[in-house]
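Notes for the one structure printed next.
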Amino acid sequence: PLHMPFEGTITLSPDTYMNVVKETCASVAQHGAKYLLILNWHELNIPPLGVAADLLHREHGMTVLTVQACFVAEDMFGKQCGGLTHGGEIEALAVLAYRPDLVHLERIDYSSDHAHGHKVDALRRTRSYQPVLTDVRSIAPTGWYGSPQHATIEKAEKMLHSVADSIAAQSTEIFRELDKIQGGTAELRQVNKGR
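Numbering (my numbering), first residue to last: 1 to 195.
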């Protein structure tokens, strides 16, 4: 709903989104998948993905890890790319790495005020308080702020490979630790025994 003021936006309710993820991944579980890595880039998907991940673990016995790739990219490239901004360099690099035909840096006209965008993002990106915003224009009247003009295919490929390598290494280690802590994907059997 946050982006709906802009024409062409399609949005799903949190329940619909959760069900699409849950049913897709449950199908994969029925075909034998035991481990599930959910890779997310959009902050507003975090709450429904958390619920879906928990249900997939408890109802289908999957070992589930959700990774917030936008924050991994911010941790790794934020200082050199002006932070994680809505439509800034990090987001431009992510799209350039996957679909360069969708990025038109020559069309950059003007960004919304950076100071205001950073202030509102800092307000909504805390662990302790999560305000609900009505409209993305409260962050950036144009729908975006940042400095994507420095994005290049070379930087995009570097970020893609660096972020992917980091996620692969960290996820492998986390899955190993989960196996030690939880004994693999056995929790489903234990939950079902209690019924």
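Where a beta carbon is used, it is the ideal one built from N, C-alpha and C, also for glycine.
Cβ-based neighbour list, residue i, same chain, cut-off 7 angstroms, excluding 5 preceding and 5 following
i    : result
L96  : V103, A151, I153 and A156
F77  : I90 and M159
T9   : H3
I108 : P148 and Q149
8 angstroms CB neighbourhood of residue i in its chain, flanking five on each side removed
i    : result
H42  : C70
A169 : none
Rounded C-alpha distance that separates residue i from residue j
i    : j    : result
L2   : D135 : 5 angstroms
A29  : H118 : 40 angstroms
R125 : G183 : 34 angstroms
G143 : S13  : 21 angstroms
D165 : H31  : 27 angstroms
V191 : F175 : Confidence at V191 is low in this model, with a pLDDT of 46, below 50, so its placement is unreliable and no value can be given for it.
One or two residues paired with residue i in a DSSP bridge
i   : result
L37 : L65
Short Cβ contact (7 angstroms threshold) for residue i with residue j
i    : j   : result
L39  : V72 : no
C25  : L56 : yes
S147 : G88 : yes
Q220 : L93 : Outside the shown range of the chain (1 to 195) lies residue 220, about which nothing can therefore be said.
L84  : V64 : no
A140 : H86 : yes
Cβ neighbours of residue i in the same chain (closer than 6 angstroms, five flanking residues each side left out)
i    : result
D179 : none
Residue i CB to nearest heavy atom of the ligand PLP below 6 angstroms
i    : result
H161 : The ligand PLP is not part of this structure, which contains no ligands at all.
### Query
Between the stretch 52–65 and the stretch 10–27, are three or more C-beta pairs nearer than 8 angstroms?
Short answer: they touch.
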